[in-house]
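Q: Structure incoming, see below.
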Amino acid sequence: MIIASAVAAALLATGASAACAGYFSNRRVVPAGERFSEAEFLNSAVTSGDAPSSYSVEHAGDSWGTGTPVGERCGGAGTAWNKLRSWDNDKYIGGSTRAGEYEWTGLEVISAEGEPYIRDVYDSTSGAVKREFIAFDPKAFAPYTAELFEIDYSAIEEKYEHVSAPWLFYIISDKRGAVKGVTYNACYEAGDGANFTMEYYGDLWVKNLGVRQEYVLEDEYDSVYTYTSSTGAEFLIRAKDDVVAAECRFIVDEGRNYSSDIRFCIHASFMTPAEVEAIADCIDLHVG
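Taking this note's numbering, I'd label the letters of the sequence shown as residues 338 to 625.
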């Protein structure tokens, strides 16, 4: 696994492996019945000295609890389908964790047979390289994601099957080989219509990262609470009607005014919060 070893070496060089020193920065919950006017909140927080420098409030909306059939989930694989169909040309080489930061101009195919498919995409101006992986079975990503996170696919597959569509994972490195961005996604289903996606997003080694505090309103959901997984990760779980969402956000202070912003999200339809907790227990983010 020479390629996997090279990816691991790059992650080790940036300190992205092993347990991270940092803090959880999930959305905060405004208790049910508590009046929440954004203007009044900011003013009262200024008075008490607790005002965040930047914050946002996410409202559930009328359709938040509408479940997504697994067939529609595959629409999320559209980007990967386009990339796979043009794997050896530059028609679909775009995409990054920071919009507009890179100008991808060329590519080199590393593997076009078997899973995962692998290619390098280049930004000739900055010297950045994006290594893209595509697989129909997310387990094929495991050797390449292990330094960032580990998933117990065997435990998940005791109840769920992976959705057979192309799923995308990529790592962006700067000209010195330091990892700057990571994206991963996968989807699983059960025979009764239950399904969920898993998404990892990492924006690494960002100078002067602005961390905006985010809030949700408890009375917009059937339930909302913090769950600490068996691996020590804190997930904010929200449930309403047919939807359960779990998200863990972790901020790492890398030193010298650099920080990394890491998120892992589970979006489930037609599942219970307890079932989503069980999925969260299968994920080790190396942050506990």
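For every residue, glycine included, the Cβ atom is placed at its ideal position computed from N, Cα and C.
Helix or strand or just coil, what does DSSP make of tyrosine 595?
A: Strand.
Q: Isoleucine 588 and valine 548 look like a contact to me (Cβ under 8 Å); what is the Cβ gap, rounded to whole Å?
A: 6 Å
Q: Return the residue from the list Leu541, Tyr525, Glu612 and Ser560 that minimises the CA-CA distance to glycine 408.
A: Tyr525
Q: What residue from Arg365, Phe506 and Glu494 has the CA that sits closest to histidine 396's CA?
A: Arg365
Q: Taking glutamate 440 as the reference, which of Glu612, Asp460 and Lys517 has the closest Cα?
A: Asp460
Q: What do you get for tryptophan 475, buried or exposed, if any count of 16 or more other CB atoms within 10 angstroms of its CB means buried?
A: The question names tryptophan, but residue 475 in the sequence shown is proline. Proline 475 should be labelled buried.
Q: Output the distance between the C-alpha atoms of arginine 575 and valine 561, rounded to the nearest integer angstrom.
A: 4 Å
Q: For glycine 530, count the other beta carbons within 10 Å of its own beta carbon; 16 or more makes it buried, fewer makes it exposed. Which is it?
A: exposed
Q: Would you mind stating whether leucine 541 and threonine 416 have Cβ atoms separated by less than 8 Å?
A: No, Cβ-Cβ distance for leucine 541 and threonine 416 is not below 8 Å.
Q: From tyrosine 454 to tyrosine 558, what distance separates their C-alpha atoms?
A: 40 Å
Q: What number of angstroms, rounded off, separates the C-alpha of methionine 278 from the C-alpha of serine 463?
A: Summary: the structure shown does not reach residue 278, with the chain confined to residues 338 through 625, and so no result is reported for it.
Q: Assuming asparagine 532 contacts arginine 410 (C-beta within less than 8 Å), just tell me the rounded distance between them.
A: 6 Å
Q: In whole angstroms, what is the alpha-carbon distance linking asparagine 380 and alanine 617?
A: Note that asparagine 380 scores 49 on pLDDT, short of 50, meaning its location in the model is unreliable and no value can be drawn from it.
Q: Taking 8 Å as the cut-off, does the region 483 to 494 touch the region 432 to 452 (at least 3 CB pairs, one atom from each stretch)?
A: no
Q: Going by other Cβ atoms of all chains shown within 10 Å of its Cβ, with 16 needed for buried, is tyrosine 360 buried or exposed?
A: exposed
Q: Of all the options Gly432, Trp424 and Ala465, which has the alpha carbon lying nearest to the alpha carbon of serine 448?
A: Trp424
Q: Under DSSP, the alpha helix (DSSP H) around lysine 420 begins and ends at which residues?
A: 415 to 422
Q: In angstroms, rounded to a whole number, what distance separates the CA positions of serine 566 and glutamate 614?
A: 7 Å
Q: For a test of the three-state rule: what should DSSP assign to tyrosine 558, helix, strand or coil?
A: coil
Q: Taking alanine 472 as part of the beta strand (DSSP E), name the residues at either end of that continuous run.
A: 466 to 472
Q: Using DSSP's beta-bridge definition, name the partner residues of phenylalanine 587.
A: Phe361 and Ile599
Q: Is glutamate 614 helix, strand or coil by DSSP?
A: When DSSP states are grouped into helix, strand and coil, glutamate 614 belongs to the helix group.
Q: Measuring straight from C-alpha to C-alpha, what distance separates aspartate 578 and alanine 515?
A: 43 Å
Q: Distance check for glycine 398 and isoleucine 603, CA to CA, integer angstroms please.
A: 19 Å
Q: Please name the residue or residues paired with phenylalanine 533 in a DSSP beta bridge.
A: Tyr525 and Ala605
Q: Around the C-beta of threonine 520, are 16 or more other C-beta atoms found within 10 angstroms, so that it is buried, or is it exposed?
A: buried
Q: What runs of the beta strand (DSSP E), each 3 residues or longer, lie entirely inside the region 427 to 498?
A: 443 to 448, 454 to 459 and 466 to 472
Q: Specify the secondary structure class of glycine 408 as computed by DSSP and reduced to three states.
A: helix
Q: May I ask you to report which of helix, strand or coil DSSP gives alanine 515?
A: coil
Q: Is there a C-beta anywhere in chain B that falls below 8 Å from the one on alanine 465?
A: You won't find chain B in this structure, because it holds only one protein chain.
Q: Let me confirm a value: serine 501 is counted as buried when at least 16 other C-beta atoms fall within 10 Å, else exposed. Which label applies?
A: exposed
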